[in-house]
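Have a look at the structure below, then the notes.
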Amino acid sequence: MDLKNEIASSDPDSERKMPFRKYKPFVPVSLEDRTWPDNIITKAPAWCSVDLRDGNQALVEPMTPLEKHKMWDLLLEIGFKEIEVGFPAASQTDYDFVRKIIEEKLIPDDVTVQVLCQAREDLIKRSCEALSGAKRVIFHLYNSTSALQRRVVFGMEKSQVIDLATTGTRMVRRYTTDLVKEGTKLTLEYSPESFSATELDFSIEICSAVMSAWSPSNGERIILNLPATVEMSTPNVYADQIEYFIRNLPNREKAIISLHTHNDRGSGVAASELGLMAGAERIEGTLFGNGERTGNLDVVTMAMNMFSQGVDPELYFKDMKKIVTVSEECTKIPIHVRQPYAGELVFTAFSGSHQDAIKKGMNYVSSGTAGSWEVPYLPIDPADVGASYRETVRLNSQSGKGGVSFVLEHYFGVTLPRGLLMEFSSLVQEISEKVGGELKPDEIWSAFSKEYVNNAGPYELLTYELSASDSGTEIFNGKIKVSENEININGSGSGPIAAFVDALVKTLNE
Numbered sequence: 388m389d390l391k392n393e394i395a396s397s398d399p400d401s402e403r404k405m406p407f408r409k410y411k412p413f414v415p416v417s418l419e420d421r422t423w424p425d426n427i428i429t430k431a432p433a434w435c436s437v438d439l440r441d442g443n444q445a446l447v448e449p450m451t452p453l454e455k456h457k458m459w460d461l462l463l464e465i466g467f468k469e470i471e472v473g474f475p476a477a478s479q480t481d482y483d484f485v486r487k488i489i490e491e492k493l494i495p496d497d498v499t500v501q502v503l504c505q506a507r508e509d510l511i512k513r514s515c516e517a518l519s520g521a522k523r524v525i526f527h528l529y530n531s532t533s534a535l536q537r538r539v540v541f542g543m544e545k546s547q548v549i550d551l552a553t554t555g556t557r558m559v560r561r562y563t564t565d566l567v568k569e570g571t572k573l574t575l576e577y578s579p580e581s582f583s584a585t586e587l588d589f590s591i592e593i594c595s596a597v598m599s600a601w602s603p604s605n606g607e608r609i610i611l612n613l614p615a616t617v618e619m620s621t622p623n624v625y626a627d628q629i630e631y632f633i634r635n636l637p638n639r640e641k642a643i644i645s646l647h648t649h650n651d652r653g654s655g656v657a658a659s660e661l662g663l664m665a666g667a668e669r670i671e672g673t674l675f676g677n678g679e680r681t682g683n684l685d686v687v688t689m690a691m692n693m694f695s696q697g698v699d700p701e702l703y704f705k706d707m708k709k710i711v712t713v714s715e716e717c718t719k720i721p722i723h724v725r726q727p728y729a730g731e732l733v734f735t736a737f738s739g740s741h742q743d744a745i746k747k748g749m750n751y752v753s754s755g756t757a758g759s760w761e762v763p764y765l766p767i768d769p770a771d772v773g774a775s776y777r778e779t780v781r782l783n784s785q786s787g788k789g790g791v792s793f794v795l796e797h798y799f800g801v802t803l804p805r806g807l808l809m810e811f812s813s814l815v816q817e818i819s820e821k822v823g824g825e826l827k828p829d830e831i832w833s834a835f836s837k838e839y840v841n842n843a844g845p846y847e848l849l850t851y852e853l854s855a856s857d858s859g860t861e862i863f864n865g866k867i868k869v870s871e872n873e874i875n876i877n878g879s880g881s882g883p884i885a886a887f888v889d890a891l892v893k894t895l896n897e
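Numbering (this note's numbering), first residue to last: 388 to 897.
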């Protein structure tokens with residue numbers, strides 16, 4: 388079928404049309420009694436960072452040993468308890484790194500290292516050699532299961548794919564025997580790669596076969612990782628897949644359901660969130676979503692989303708600037724200024740109405756009236772990720788009096804009366820329009836000083852002294868300069884300013 392001609396024959400404006408008929412919609416899951424939409428995320432999942440493996444393999448320049456070590460230290464500092472450290476059987480660099488952190492005892496006792504491996508005997512054996520001496524290990528076995536991969540890539544029937552997975556599982560059990568005898572706490576993770584594109588009943592069948600081949604006992608649980616290797620549907624469909632899988636999996640209590648989403652459609656975080664609501668317990672992802680193509684799940688965004696809802700993410704992002712810096716150094720990928728929770732501008736408002744609302748909201752929180760964080764346009768307190776309140780308001784031609792007031796108060800401790808604030812805000816807007824961009828706080832202060840402080844006018848106060856009268860009023864005696872003339876002035880009032888104004892009025896009226 389010639390799709391281009393088909394479109395052209397039915398649409399006179401076909402040259403302006405995208406060739407949408409090349410694609411077919413993803414078939415949704417038949418799950419009329421789904422329950423996940425009514426669920427709420429109330430606790431953090433088990434988090435597994437795959438920055439050192441999935442993230443690293445997607446880089447134009449993979450991390451050097453020094454950069455891998457720097458990333459490892461950062462992941463520990465953030466609080467990850469499960470970290471996929473590489474594919475040691477396929478990469479000498481990964482193998483050397485795994486040996487280094489084991490031999491130099493760089494793995495905390497409560498942290499589990501995870502390695503990825505295909506269902507091949509030589510690779511499984513090599514992976515076990517790399518893991519010798521590790522205290523806690525997740526052995527991550529995978530093979531492709533989707534109809535497309537079976538048909539186009541491998542030319543295999545379903546039974547052959549199942550046999551590959553179960554044979555690999557039994558080999559992992561055999562080759563890890565010595566590790567377990569040495570005292571390693573071992574967990575098997577199995578991923579039916581391209582789960583989201585695999586027939587659901589076949590996914591259940593192959594995972595059940597792997598569980599039987601592994602034969603977990605004595606409370607042992609296997610991790611079943613269900614990847615959206617390529618994101619192909621809306622997040623709700625992925626959640627339906629997860630709920631259907633969990634409902635129909637035999638011996639569900641012996642499995643930990645894990646998710647590994649990608650971001651091809653831009654909704655990797657949403658898919659994982661809905662997948663948790665559907666019953667998953669574990670999440671794999673990377674810092675800021677680094678990964679193949681459009682990236683992996685962004686753990687930072689997902690964890691901070693939970694945090695913003697009053698749920699402990701069990702990860703520590705207080706020093707977000709350091710996390711950004713180390714990530715950029717190791718991946719050579721700059722973090723976008725609009726990156727949720729981490730970008731340079733995520734807490735910044737240029738709009739005048741937004742600035743005014745933020746200023747009032749901050750004053751409301753500072754008053755102690757609010758029992759929790761409630762500030763317009765700021766879903767979390769910037770200070771919780773190490774950002775400054777000063778960063779929330781920046782000025783350009785779109786800004787208004789609220790922004791000007793905020794900058795003067797927070798940077799320079801100056802509070803203007805409303806009339807003066809209105810006048811100066813107009814001046815700021817005029818200057819910003821002339822320069823065609825943002826005005827920095829120092830530029831705002833310079834304009835204020837030039838207009839109101841360092842402005843040599845016809846009047847200048849030269850000297851003065853204050854004293855109190857017997858009646859308690861303040862007496863002002865001083866000397867002012869009017870043009871080139873020096874004039875003595877005196878006055879009285881209820882306070883120093885009132886006395887000074889009285890002296891000026893008397894002089895000016897003479």
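Even for Gly, the Cβ is constructed at its ideal location relative to N, Cα and C.
All figures in this text were calculated on a predicted structure; none of them were measured in a lab.
Between the CA atoms of residue j and residue i - distance to the nearest angstrom
i, j, result
"G466", "A517", "24 Å"
"I862", "N872", "23 Å"
"S578", "A552", "10 Å"
"A395", "P412", "Note on A395: pLDDT 49, under 50, position unreliable in the model; the coordinate value appears next. Between A395 and P412, the C-alpha separation is close to 21 Å."
"E569", "T554", "24 Å"
"E914", "T532", "Because the chain here runs from 388 to 897, residue 914 falls outside it and cannot be looked at."
"A521", "V414", "43 Å"
"E402", "R408", "14 Å"
"F582", "S775", "43 Å"
"V840", "E830", "14 Å"
"E761", "V472", "40 Å"
"E448", "E671", "22 Å"
"A431", "D651", "24 Å"
"A534", "P614", "15 Å"
"K705", "T673", "17 Å"
"H527", "Q501", "7 Å"
"S786", "P424", "40 Å"
"M388", "E586", "In this predicted model, M388 has a pLDDT of only 49, less than 50, meaning its place in the structure is not dependable; the value taken from the coordinates is given anyway. Near 27 Å, if we compare the C-alpha coordinates of E586 and M388."
"R634", "G755", "47 Å"
"K788", "V752", "20 Å"
"P766", "F675", "19 Å"
"Y562", "R507", "12 Å"
"L849", "A886", "16 Å"
"E592", "M598", "10 Å"
"V437", "D481", "13 Å"
"S881", "K746", "34 Å"
Anticipated Cβ contact below 8 Å, residue i with residue j, distance rounded
i, j, result
"V780", "F793", "4 Å"
"I609", "R669", "Incorrect: roughly 12 Å between the Cβ atoms, too far for contact."
"G735", "E778", "It is worth fixing the name first, because residue 735 is Thr in this sequence and not Gly. Right, the Cβ-Cβ distance comes to about 6 Å (below 8 Å), so this counts as a contact."
Residue-chain proximity (residue i, chain C), Cβ-Cβ < 9 Å
i, result
"F694", "Annotation note: the requested chain C is absent from the structure, which comprises a single protein chain."
Proximal residues to residue i (C-beta, below 6 Å), its chain only, five neighbours per side dropped
i, result
"M691", "Y728"
"N426", "M664"
"E847", "K868"
"G442", "T673, N677, G678"
"P700", "A431, A690, M693, F694"
"P622", "S654, A657, A658, L661"
Selection from the options that minimises the alpha carbon distance to residue i
i, options, result
"G773", "I831, E586, Y577, M707", "M707"
"A770", "D565, R538, S695", "S695"
"S812", "G823, V822, G790", "G790"
"T499", "K545, T571, L535", "T571"
"A600", "T563, L646, D550", "D550"
"D509", "F484, D483, A476", "A476"
"V713", "H456, D420, P424", "H456"
"R639", "S654, C504, G666", "G666"
"I884", "I591, S590, E852, A658", "E852"
"K837", "Q479, L814, R537, L446", "L814"
"V485", "E660, K788, V524", "V524"
"A584", "V624, L566, V559", "V624"
"E715", "L803, S436, L461, R440", "L461"
"S602", "I644, D588, T556, H647", "T556"
Proximal residues to residue i (C-beta, below 8 Å), its chain only, five neighbours per side dropped
i, result
"T429", "V698"
"L418", "D627, E630, Y631"
"S856", "I862, S879"
"H649", "P614, A615, T616, V617, E618, G655, G678, E679, R680, T681, G682, N683, L684"
"R537", "S531, M543, E544, K545, V548"
Chain-order list of residues whose beta-carbon lies under 7 Å from that of residue i (same chain, five-residue window excluded)
i, result
"T894", "I874, I876"
"I720", "N677"
"G730", "I722, H723, V724"
"V801", "L795"
inquiry  = Give the list of continuous alpha helix (DSSP H) stretches no shorter than 4 residues that lie fully inside the segment 537 to 609.
reply    = 545 to 562, 564 to 568, 587 to 601
Within the segment 723 to 756, ranges of the alpha helix (DSSP H) (whole runs, at least 4 residues) = 739 to 753
task = Please go through the segment 617 to 696 and give each complete beta strand (DSSP E) segment of 3 or more residues, from N-terminal end onward.
result = 642 to 648, 669 to 672
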